[in-house]
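Worksheet: one structure, shown below.
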Amino acid sequence: IGGGERQNFIIAQHFCHSAFARLGPSGYHSLRERVMVTLSARVGGHAHDLLFKTVHGRYLIYNMCWEDPRIDRQLLRLDADSKLVVLTSAGCNTLDYLLDGPAEIHAVDVNPRQNALLHLKLVLIERGDFDNLDRMFRRGAHPQFRALYAAIRPRLPPYAAAFWDKKITYFDPGNPKRSFYYRGTCGAVAWLITRRLFKSGRKLRDYLFDLLDAPTLAEQRALYAKIEPALWSRFSTWLLRQPTALAMLGVPRPQIHLIQQRYLGGIVGYVSDKLRHVLTEVLIHDNYFWRAYLTGSYTDHCCPNYLLP
1 IGGGERQNFI
11 IAQHFCHSAF
21 ARLGPSGYHS
31 LRERVMVTLS
41 ARVGGHAHDL
51 LFKTVHGRYL
61 IYNMCWEDPR
71 IDRQLLRLDA
81 DSKLVVLTSA
91 GCNTLDYLLD
101 GPAEIHAVDV
111 NPRQNALLHL
121 KLVLIERGDF
131 DNLDRMFRRG
141 AHPQFRALYA
151 AIRPRLPPYA
161 AAFWDKKITY
171 FDPGNPKRSF
181 YYRGTCGAVA
191 WLITRRLFKS
201 GRKLRDYLFD
211 LLDAPTLAEQ
221 RALYAKIEPA
231 LWSRFSTWLL
241 RQPTALAMLG
251 VPRPQIHLIQ
261 QRYLGGIVGY
271 VSDKLRHVLT
281 EVLIHDNYFW
291 RAYLTGSYTD
301 HCCPNYLLP
């Protein structure tokens with residue numbers, strides 16, 4: 001809290017205590033509770049906004065796009081006359097839309113690190129360097145990442161080069177995380193959760209990998225029934241309630257507030273229900289979003305379209 005906000009908070013407390021003295025015991029406790037809850041909510045809200053701004057002002061957030069571009073392309077029906085403005089995120093969907101040959105795509109993002117990621121992909125594509133694109137973004141790491149970066153760096157805009165000068169080690173296969181998909185703030189949360197799950201036992205790990213390759217919804221449902229209790233451990237539910245974790249996942253306070261106010265069970269209930277739907281009602285064998293976060297990589301056929309052979 002800034003100095004001015006802290007002073008206002010102290011003044012408000014002093015005013016409240018003076019007013020409470022004239023209310024009597026029951027009125028005092030009732031009003032005091034309401035006022036202090038309101039003040040705490042405001043302070044907590046400011047803290048979350050500051051944390052969210054700090055995370056987005058210093059770090060790469062998204063290492064992949066979370067929205068399914070297949071749905072967008074079906075609805076938008078892009079053609080040679082189409083002009084789009086899109087949120088960059090990790091750039092995956094921008095590259096997906098290009099497959100329909102629109103006239104223009106303008107990728108914008110409040111976080112310039114997201115555009116730096118898109119530029120890195122674009123440079124490899126412009127060079128026709130699809131083998132290295134595949135290693136970096138399908139497998140999530142590259143054994144010669146330093147030499148490759150030295151070759152492509154001159155093609156990057158200055159701001160993107162400045163970012164990757166410091167962060168190209170995201171693609172180092174010798175790093176303990178071993179994959180780009182465990183870097184950035186979303187990747188850090190994914191790494192933390194998956195390591196925790198894998199440490200829960202070999203049987204759970206096998207169930208998770210079997211789920212990714214399940215050929216039918218019936219098998220998915222049977223496997224998810226075995227996995228679900230472990231997914232919602234005390235640690236997982238605690239983590240989802242933390243403002244830091246939600247800021248790292250890129251969830252702003254208005255969205256959190258909307259879910260808490262309108263969804264039974266709040267954030268944990270919302271995520272639990274949506275995850276159950278995705279993993280039991282939608283075929284997962286080509287769901288590259290969850291595969292990358294569980295395994296650290298895509299496969300030849302389970303990946304974004306820009307990485308398909």
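For the sequence shown, position 15 (counting from the first letter as 1) is numbered 15 according to our numbering, and the numbering increases by one without interruption.
The C-beta atom is built at its ideal place from N, Cα and C for all residues, glycine as well.
Note that the coordinates shown come from a computational prediction; the quantities given were computed from them, not determined experimentally.
Residue i - containing alpha helix (DSSP H), residue span
| i | result |
| --- | --- |
| residue 225 | 217-231 |
| residue 273 | 266-281 |
| residue 160 | 158-167 |
| residue 206 | 202-212 |
| residue 243 | 243-248 |
| residue 237 | 234-240 |
| residue 293 | 288-295 |
| residue 180 | Counting along the chain, residue 180 falls outside any alpha helix (DSSP H), and DSSP gives it neither H nor E. |
| residue 257 | 253-262 |
Neighbourhood of residue i by C-beta distance below 7 Å, restricted to the same chain and skipping five residues each side
| i | result |
| --- | --- |
| residue 304 | 92, 96, 288 |
| residue 56 | 110, 111 |
| residue 161 | 153 |
| residue 49 | 253 |
| residue 177 | 183, 191 |
| residue 143 | 173 |
| residue 81 | 103 |
| residue 269 | 263 |
Run of the beta strand (DSSP E) containing residue i, from where it starts to where it stops
| i | result |
| --- | --- |
| residue 322 | Only positions 1 to 309 of the chain appear in the structure, and residue 322 is not among them; the question remains open. |
Sequence-distant residues of its chain with Cβ nearer than 8 Å to residue i (five each side left out)
| i | result |
| --- | --- |
| residue 197 | 204, 205, 208, 230, 231 |
| residue 71 | none |
| residue 168 | 145, 146, 149 |
| residue 223 | 207, 210, 211, 214 |
Same chain only: Cβ atoms within 6 Å of residue i, ignoring 5 sequence neighbours per side
| i | result |
| --- | --- |
| residue 127 | none |
| residue 200 | 230 |
| residue 188 | none |
| residue 181 | 63, 140, 187, 292, 296 |
Residue burial classification, residue i (beta-carbon count within 10 angstroms, cutoff 16)
| i | result |
| --- | --- |
| residue 140 | buried |
| residue 238 | exposed |
| residue 85 | exposed |
| residue 121 | buried |
| residue 257 | exposed |
| residue 130 | exposed |
| residue 216 | exposed |
| residue 159 | exposed |
| residue 108 | exposed |
| residue 307 | buried |
| residue 138 | buried |
| residue 52 | buried |
CB-CB length for residue i against residue j, believed under 8 Å
| i | j | result |
| --- | --- | --- |
| residue 194 | residue 60 | Wrong, their Cβ atoms sit about 19 Å apart, outside the cutoff. |
| residue 267 | residue 240 | 5 Å |
| residue 136 | residue 171 | 5 Å |
| residue 151 | residue 117 | About 18 Å separates the two Cβ atoms, so there is no contact after all. |
Chain C within 8 Å of residue i, Cβ atoms only
| i | result |
| --- | --- |
| residue 209 | Among the chains of the structure shown, chain C does not appear; only one protein chain is present. |
In chain order, which continuous runs of the beta strand (DSSP E) of length 3 or greater are located wholly inside the region 65-152? 83-87, 104-108
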